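Asker:
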Amino acid sequence: MPTLAAAEASNAAFAPNYLPVAVFVGGTSGVGQAMAEGFARQMKGHAHIIIIGRNATAAAEILAAFPKPSKSDGWAHEFVPCDASSMADVRAVCEGLSARLVYINFLVITAGGPAANSLVASSVTPEGLDDHLAMRYFMRYIFTKELLPLLVRARENGQHAHMMTVLGAGFGISIPTTDLGLHEARRRSIKILQGVTPSIAAVKGMIRGVAYNDGLVAHFASLHPEIAFTHIMPGQVLTVGGSKMGGLGWLLAPLTWLLNLFKASISITQDESAQYMLYGLLDGDRGLFIRGQRGDVISAHVFNPDHKAHFDVTAHKTRTQGVLRGVPMKGYGGSDASVAGLIAYTESVLAAI
Numbered sequence: 000m001p002t003l004a005a006a007e008a009s010n011a012a013f014a015p016n017y018l019p020v021a022v023f024v025g026g027t028s029g030v031g032q033a034m035a036e037g038f039a040r041q042m043k044g045h046a047h048i049i050i051i052g053r054n055a056t057a058a059a060e061i062l063a064a065f066p067k068p069s070k071s072d073g074w075a076h077e078f079v080p081c082d083a084s085s086m087a088d089v090r091a092v093c094e095g096l097s098a099r100l101v102y103i104n105f106l107v108i109t110a111g112g113p114a115a116n117s118l119v120a121s122s123v124t125p126e127g128l129d130d131h132l133a134m135r136y137f138m139r140y141i142f143t144k145e146l147l148p149l150l151v152r153a154r155e156n157g158q159h160a161h162m163m164t165v166l167g168a169g170f171g172i173s174i175p176t177t178d179l180g181l182h183e184a185r186r187r188s189i190k191i192l193q194g195v196t197p198s199i200a201a202v203k204g205m206i207r208g209v210a211y212n213d214g215l216v217a218h219f220a221s222l223h224p225e226i227a228f229t230h231i232m233p234g235q236v237l238t239v240g241g242s243k244m245g246g247l248g249w250l251l252a253p254l255t256w257l258l259n260l261f262k263a264s265i266s267i268t269q270d271e272s273a274q275y276m277l278y279g280l281l282d283g284d285r286g287l288f289i290r291g292q293r294g295d296v297i298s299a300h301v302f303n304p305d306h307k308a309h310f311d312v313t314a315h316k317t318r319t320q321g322v323l324r325g326v327p328m329k330g331y332g333g334s335d336a337s338v339a340g341l342i343a344y345t346e347s348v349l350a351a352i
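So that you can map any letter, position 243 of the sequence shown is 242 in numbering that gives the first Met the number 0, and since no number is skipped, the others follow by simple counting.
Now the structure itself:
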């Protein structure tokens with residue numbers, strides 16, 4: 000894995016001969032903010048940078064601090080408001096971007112929020128989605144699918160084209176074939192204990208989101224082998240929202256306090272983390288990448304450019320966890336069959352919203 004100095008040196012070498020367009024979903028705080036800021040500094044402001052999030056005040060302060068080139072040649076720094084827990088809102092934002100952008104080079108999705116990271120509470124959104132999965136998976140799926148044509152356009156122009164989802168790569172968590180929406184898990188959770196102790200449904204929501212992101216990048220990478228798709232883990236980062244782990248409930252409050260002390264001792268700053276994340280973003284050319292917290296490649300697979308097809312699940316071996324198209328993938332939790340099942344489920348759910 001690269002050192003911080005090596006990652007920074009690699010990032011500093013990025014000097015495209017075109018005006019890059021970078022979209023940061025969740026760019027108003029945490030690692031997403033630091034990535035947007037780092038990218039702006041690297042490009043000396045010479046880029047079209049779009050921050051998507053809820054906090055307009057924070058976005059205004061972030062954008063105001065970006066370097067501003069004196070030459071007006073198409074660069075722009077803007078904020079697009081979006082409640083990413085609402086799939087309708089996400090679709091509206093994607094529709095707006097698709098109508099006015101010619102291409103996108105970098106699509107980075109980091110948005111989370113308290114509900115998506117809670118260990119003690121689980122509920123459903125007004126659209127009927129598990130509140131963890133809405134932010135940790137479904138909105139990421141829609142952003143990727145709807146903005147993919149703009150990434151394809153960038154690649155057709157001979158430019159970089161990379162989608163990155165920042166969550167929890169490398170654990171190799173399996174994708175289940177039942178209760179994908181966690182309805183049964185919520186039914187079995189004891190509601191009276193919500194906020195008192197960790198909730199089974201909440202914990203499953205956090206874990207499933209990680210597994211589903213492996214399936215997300217594998218699916219789209221198989222359909223578009225000319226583009227890079229990355230699931231990356233930021234690790235323990237000192238951010239406003241992530242400097243402390245989600246509470247374990249008042250019954251386990253002392254344990255939460257001890258774990259937060261331990262987390263603080265092993266965490267890095269969001270600016271340091273952003274350099275590693277940018278290293279992973281600017282490093283990959285095409286294919287699927289599972290990356291660790293230092294931007295290091297845990298496993299990768301480059302699909303045959305001449306073979307764009309859905310997952311073949313007719314053979315028994317396609318049900319082997321951690322194997323992608325017959326290739327063992329360290330830190331990857333999907334199987335060809337489970338990814339196909341996940342995508343079919345996802346499309347059916349989103350079609351009803």
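For glycine and all other residues, C-beta sits at the position ideal for the given N, C-alpha and C. All figures in this text were calculated on a predicted structure; none of them were measured in a lab.
Considering A14, what are the terminal residues of the beta strand (DSSP E) in which it resides?
Answerer: Premise fails: A14 is in no beta strand (DSSP E) and is neither H nor E.
Asker: Alpha carbon to alpha carbon, how far is V92 from T109?
Answerer: Cα to Cα, the separation comes out at about 16 Å.
Asker: Looking at the structure shown, is I61 part of a helix, part of a strand, or coil, going by DSSP?
Answerer: Of the three classes helix, strand and coil, the one that applies to I61 here is helix, per DSSP.
Asker: Alpha carbon to alpha carbon, what distance is there between I50 and W74?
Answerer: Their backbone Cα atoms lie some 14 Å apart in a straight line.
Asker: Buried or exposed, going by whether 16 or more other CB atoms sit within 10 Å of the CB of E36?
Answerer: The residue in question, E36, is buried, as its Cβ has 16 or more Cβ neighbours within 10 Å.
Asker: Cβ of P66 within 8 Å of Cβ of G44?
Answerer: Taking 8 Å as the Cβ cut-off, P66 and G44 qualify as a contacting pair.
Asker: Closest by CA to E126, which one among E60, S9, G95, D82?
Answerer: Residue D82 is the option with its Cα nearest to E126.
Asker: Once DSSP output is grouped into helix, strand and coil, what is the label at R293?
Answerer: R293: coil per DSSP, three-state reduction.
Asker: Is it buried or exposed for N16, if we count other Cβ within 10 angstroms and need 16 for buried?
Answerer: It counts as exposed.
Asker: May I ask you to list the residues that DSSP assigns as paired with V107?
Answerer: Answer is F23, M163, bridged to V107.
Asker: When you compare each of P327, I103, A227, V79 to P304 by their alpha carbons, which one comes out closest?
Answerer: Here the closest residue by C-alpha is A227.
Asker: Given G169, which residues of its chain have a CB within under 7 Å of its CB, disregarding the five upstream and five downstream residues?
Answerer: Excluding sequence neighbours, G169 sits near M232, I289, G291, I297, G330.
Asker: Can you tell me whether A58 is buried or exposed? The criterion is at least 16 other CB atoms within 10 Å of its CB, across all chains shown.
Answerer: By the 10 Å Cβ count, A58 comes out buried.
Asker: Compare the C-alpha of L132 against each of G111, D295, F78, E77 and name the closest.
Answerer: Ranking the options by Cα distance to L132, first place goes to G111.
Asker: Taking 8 Å as the cut-off, decide whether the C-beta atoms of D129 and G52 are in contact.
Answerer: No. Outside cutoff.
Asker: Taking one C-beta from the stretch 198-215 and one from the stretch 327-346 each time, how about it: are there three or more such pairs within less than 8 Å?
Answerer: With the cut-off at 8 Å, the stretch 198-215 and the stretch 327-346 touch.
Asker: Could you tell me which residues DSSP pairs with P80 in its beta bridges?
Answerer: Its beta-bridge partners are G52.
Asker: Assuming contact is defined by CB atoms lying nearer than 8 Å, are L118 and A201 in contact in what I supplied?
Answerer: Contact: yes.
Asker: For a quick check, are the C-beta atoms of G286 and S173 less than 8 Å apart?
Answerer: Not a contact, by the Cβ cut-off of 8 Å.
Asker: Around the Cβ of F219, are there at least 16 other Cβ atoms within 10 angstroms (buried) or fewer (exposed)?
Answerer: So F219 ends up on the buried side.
Asker: Take D295 and list the residues in its own chain whose beta-carbon comes closer than 6 Å to its own, dropping the five residues that flank it on each side.
Answerer: Answer for D295: M0, listed in chain order.
Asker: Under 7 Å Cβ to Cβ from Q274, same chain only, skipping five residues before and after it: list those, please.
Answerer: If we look at Q274 and ignore the five residues flanking it on each side, its Cβ neighbours are L3, A6, E7, N10, G37.
Asker: Which whole-angstrom value is the C-beta distance of G25 and H161, which I expect to be below 8 Å?
Answerer: Contact flag wrong, Cβ pair sits at about 16 Å.
Asker: Note down the Cα distance separating R185 from V123, rounded to an integer number of angstroms.
Answerer: Cα-Cα distance, rounded: 9 Å.
Asker: Indicate the three-state DSSP secondary structure (helix, strand or coil) for W256 in the structure shown.
Answerer: Unreliable placement is indicated for W256, whose pLDDT of 44 sits below 50; no coordinate value is reported for it.
Asker: Does DSSP put T319 in a helix, a strand or coil?
Answerer: If DSSP states are grouped into helix, strand and coil, T319 belongs with coil.
Asker: Can you tell me whether L95 is buried or exposed, with buried defined as 16 or more other CB within 10 angstroms of its CB?
Answerer: It is Gly, not Leu, that sits at residue 95 in the sequence shown. That one is exposed.
Asker: Taking the runs of the alpha helix (DSSP H) that are 4 residues or longer, which of them lie wholly in the stretch 169-234?
Answerer: Counting only runs of 4 or more, we get 182-187, 199-222.
Asker: Can you tell me whether L128 is helix, strand or coil according to DSSP?
Answerer: DSSP places L128 in coil when its eight states are reduced to three.
Asker: Report all residues from its chain with a CB closer than 6 Å to the CB of A114; omit the five preceding and five following residues, and keep chain order.
Answerer: Excluding positions up to five away in sequence, the list reads D130.
Asker: Less than 8 Å separating the beta-carbons of S97 and E145?
Answerer: Taking 8 Å as the Cβ cut-off, S97 and E145 qualify as a contacting pair.
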